[in-house]
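S.K.:
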Amino acid sequence: MQGDDAGRQVVATARARDLQPTGQPSRNGLAAPVPAEVLLAEESRPDPEARRLQESIDRRMADQRIVQLLAGDGFAGRRYDRFVEELVRYGIAVLKAWMHSGYIFKLVAARGYGLKAHERELEQLHLDNDLREELATMTIACALPRFREQAFVEGGWRFEGGASITTYFMGACAYDFPNEFRRWRASEGRQSRALRRQEAVTQEPVRALSVADEVLGNLRVVADLEDIDDPRTRAAVAMVIDGYSQEEIREVLGAATVRVVEGLLYRWRWRAKAKQSKEPDRD
């Protein structure tokens, strides 16, 4: 029995020995360096979070060099103007995309600005590229001076802050967007009320043909087309003379609603009448 036990112990010891990698020490090799091929295999594995962190660091380091360069010019001059031009181009593209998707309202709401855009306004921003361009341009025009002062002159932007220059700038734009949106909303409200008052007086909506006929006749309107500065208004009036309906004009101009066309024609009609009243009597 004892011989059997001894035999089993020898077999078990042999099996345990077989578990160790052949040709490698089982105890003294614990401090051996990891083979290079293993390290390379680990480094080749993608790590999205680490990659994003490195990209952020690289971008902010590049931004820091740019700021140091611009600081040498006092944040003015040709080099700064070129920098601002690129920043504005970027800002307009981002703001227009945010307005197109409606994300801008979520962003400003998170900052405490409850604009509460209703469905018609969201639709206008989604469909009207000119409106998005106008709001983005005005927002950036308001944001730029304060951004220059706070981010650069006062040193508000820092590498350690964790945000790139463009991210910092878009934060400034998000601060100014609510005011520009409210101005546009108020303007739309005034225009809508003016149109309703006019319809109440005439007992009919402002029709395209009646607008052209009321001033001094189509021939006079054709002669005055070149004096209309706004290309959309000029196109709308020209199509009025050619007999297009307002819905057709809306489609050609890419306007969100017929109300937009009515607004263009209303403003043109008002300016034309004002100009006519200032002209000396030709009789």
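Counting from 387, one number per residue, gives the positions in the sequence shown under this note's numbering. Using N, Cα and C, we set each Cβ at its ideal position, and we do this for glycine too. A quick note: this is a predicted structure, and the numbers were derived from the prediction, not measured.
1) Just the Cα atoms here: how many angstroms apart are Q536 and G542?
2) Taking I452 as the reference, which of E441, S442, Q440, R465 has the closest Cα?
3) Pick out the complete alpha helix (DSSP H) segments inside the stretch 473-523, 4 residues or longer, and give them in chain order.
4) Going straight from the alpha carbon of L508 to that of R657, what length do you get?
5) Report yes if the C-beta distance between F491 and A479 is below 8 Å; otherwise report no.
6) Three-state secondary structure (DSSP) at W654?
7) Quick check on the DSSP output: the alpha helix (DSSP H) that includes I614 runs from which residue to which?
8) Whole-angstrom Cβ separation of V647 and A622, contact assumed at under 8 Å?
9) Is it true that the CB of D562 sits closer than 8 Å to the CB of A328?
10) Express the C-alpha separation of A549 and M625 in angstroms, rounding to a whole number.
11) Determine the burial state of E441: buried for a count of at least 16 other Cβ atoms within 10 Å of its Cβ, exposed for fewer.
12) Taking the CB atoms as reference points, tell me whether L493 and W484 lie closer together than 8 Å.
13) So, does the CB of P617 fall closer than 8 Å to a CB anywhere in chain D?
14) On the DSSP letters alone, give me the boundaries of the alpha helix (DSSP H) that R438 sits inside.
15) Taking the C-alpha atoms as reference points, what is the distance between D449 and E435?
16) Helix, strand or coil, according to DSSP, for F676 in the structure here?
17) Would DSSP call T553 helix, strand or coil?
18) Determine the DSSP secondary structure at A642, reduced to helix, strand or coil.
M.R.: According to the structure shown:
1) Numbered from its first residue, the sequence shown carries residue 536 at position 150. Numbered from its first residue, the sequence shown carries residue 542 at position 156. The straight-line gap from Cα to Cα measures roughly 5 Å.
2) In the sequence shown, counting from the first residue as 1, residue 452 sits at position 66. Taking the Cα of I452 as reference, the smallest distance to any Cα among E441, S442, Q440, R465 is reached at R465.
3) Counting only runs of at least 4 residues, the stretch 473-523 fully encloses the following alpha helix (DSSP H) elements, listed from N- to C-terminal order: 489-496, 505-513.
4) Your numbering for residue 508 matches position 122 in the sequence shown. Your numbering for residue 657 matches position 271 in the sequence shown. Their backbone Cα atoms lie some 30 Å apart in a straight line.
5) Here residue 491 refers to the residue found at position 105 of the sequence shown. Here residue 479 refers to the residue found at position 93 of the sequence shown. Result no, Cβ atoms of F491 and A479 do not sit closer than 8 Å.
6) Position 268 of the sequence shown, counted from the first residue, corresponds to residue 654. Residue state for W654 is assigned as helix, using DSSP reduced to three classes.
7) Walking along the sequence shown from the start, residue 614 turns up at place 228. Where I614 is concerned, there is no enclosing alpha helix (DSSP H), because DSSP gives it neither an H nor an E.
8) On the sequence shown, residue 647 is found 261 positions in, with the first residue counted as 1. On the sequence shown, residue 622 is found 236 positions in, with the first residue counted as 1. That belief holds up - the Cβ atoms of V647 and A622 are roughly 6 Å apart, short of 8 Å.
9) There is simply no residue 328 to check, as the chain begins at 387 and stops at 669 in what is shown.
10) Here residue 625 is taken as the residue at index 239 of the sequence shown, counted from 1. Here residue 549 is taken as the residue at index 163 of the sequence shown, counted from 1. Here the alpha carbon of M625 sits roughly 50 Å from the alpha carbon of A549.
11) Here residue 441 corresponds to residue number 55 of the sequence shown, with the count starting at 1. Counting Cβ neighbours within 10 Å, E441 comes out exposed, since fewer than 16 surround it.
12) Translated into the one-based positions of the sequence shown, residue 493 becomes position 107. Translated into the one-based positions of the sequence shown, residue 484 becomes position 98. Contact: yes.
13) No chain D appears in this structure, which consists of one protein chain only.
14) Taking the sequence shown and counting its residues from 1, the one referred to as residue 438 is at position 52. Segment 434-458, the alpha helix (DSSP H) holding R438.
15) In the sequence shown, the residue the question calls residue 449 occupies position 63. In the sequence shown, the residue the question calls residue 435 occupies position 49. Rounded to the nearest angstrom, the gap between the Cα atoms of D449 and E435 is 21 Å.
16) Residue 676 lies beyond the residue range present for the chain, which begins at 387 and ends at 669; the question has no answer from this structure.
17) As a position in the sequence shown, residue 553 is number 167, starting the count at 1. Reduced to three states, the DSSP call for T553 is helix.
18) Here residue 642 refers to the residue found at position 256 when the sequence shown is read from its first residue. Reduced to three states, the DSSP call for A642 is coil.
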